[in-house]
Amino acid sequence: VAHDSLPLREIEVMVNNQITVKAVVDDGSQLVTLRQDVWKQLENSPVFPAHRTQLVSADTGTSQTLGLVKDLPIRVGPITYFVQAQVVRDSPVPLLLGLPFWALAQVHKDVYRDGFMTLTMTDPNDHDTV
6 VAHDSLPLRE
16 IEVMVNNQIT
26 VKAVVDDGSQ
36 LVTLRQDVWK
46 QLENSPVFPA
56 HRTQLVSADT
66 GTSQTLGLVK
76 DLPIRVGPIT
86 YFVQAQVVRD
96 SPVPLLLGLP
106 FWALAQVHKD
116 VYRDGFMTLT
126 MTDPNDHDTV
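Residues in the sequence shown are numbered from 6 upward in steps of one, following this note's numbering.
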């Protein structure tokens with residue numbers, strides 16, 4: 006019998022070589038999102054309002070992002086990835102790493118019956134893994 010709910014997988018990442026946050030790794034999201042309060046702590050990470058997008062939640066609710074932070078460096082272990090992050094006003098998580106991150110990092114996921122999950126990520130430049 007399946008669990009009725011399991012926690013999302015969080016990993017620790019360094020954002021823009023400035024702050025460390027717990028990021029949710031979610032292959033069910035089409036975007037990478039960064040919460041506004043986290044973005045405000047970053048230096049040299051302008052947001053481009055012309056690249057705002059509309060978010061649609063699972064219950065069909067909608068909201069607008071504040072804009073895009075281009076080529077935002079995030080470090081997972083020894084590997085740095087450059088992501089395109091939509092800034093959102095409010096979110097239960099500081100950073101959500103959706104499918105664009107999964108594709109860039111070629112994330113491989115193994116999920117076990119108890120809900121434990123292992124993730125393997127690949128460096129897009131030299132193909133090292135973490």
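In this text, a Cβ means the ideal position worked out from N, Cα and C, and glycines have one as well.
Source: prediction; values computed, not measured.
| Item | Value |
| --- | --- |
| C-beta contact flag for Asp31 and Leu11 at 8 Å | no |
| Alpha-carbon spacing of Ile24 relative to Leu47, whole angstroms | 8 Å |
| Straight-line Cα distance separating Val43 from Val61 | 22 Å |
| Range covered by the alpha helix (DSSP H) that runs through Gln41 | 41–44 |
| Stretch pair the stretch 124–133 + the stretch 101–112: three plus CB contacts closer than 8 Å | yes |
| Close Cβ partners of Lys114 (< 6 Å) along its chain, the five nearest in sequence each way excluded | Leu124 |
| Where Val137 falls, given that 16 or more other Cβ within 10 Å makes a residue buried | Limits of the chain in this structure are 6 at one end and 135 at the other, which puts residue 137 out of reach. |
| Identity of the residues DSSP links to Glu17 by a beta bridge | Lys27 |
| Closest residue to Ala63 among Asn21, Asp133, Gly33, Leu100 (Cα-Cα distance) | Gly33 |
| Identified DSSP bridge partners for Ser68 | Leu60 |
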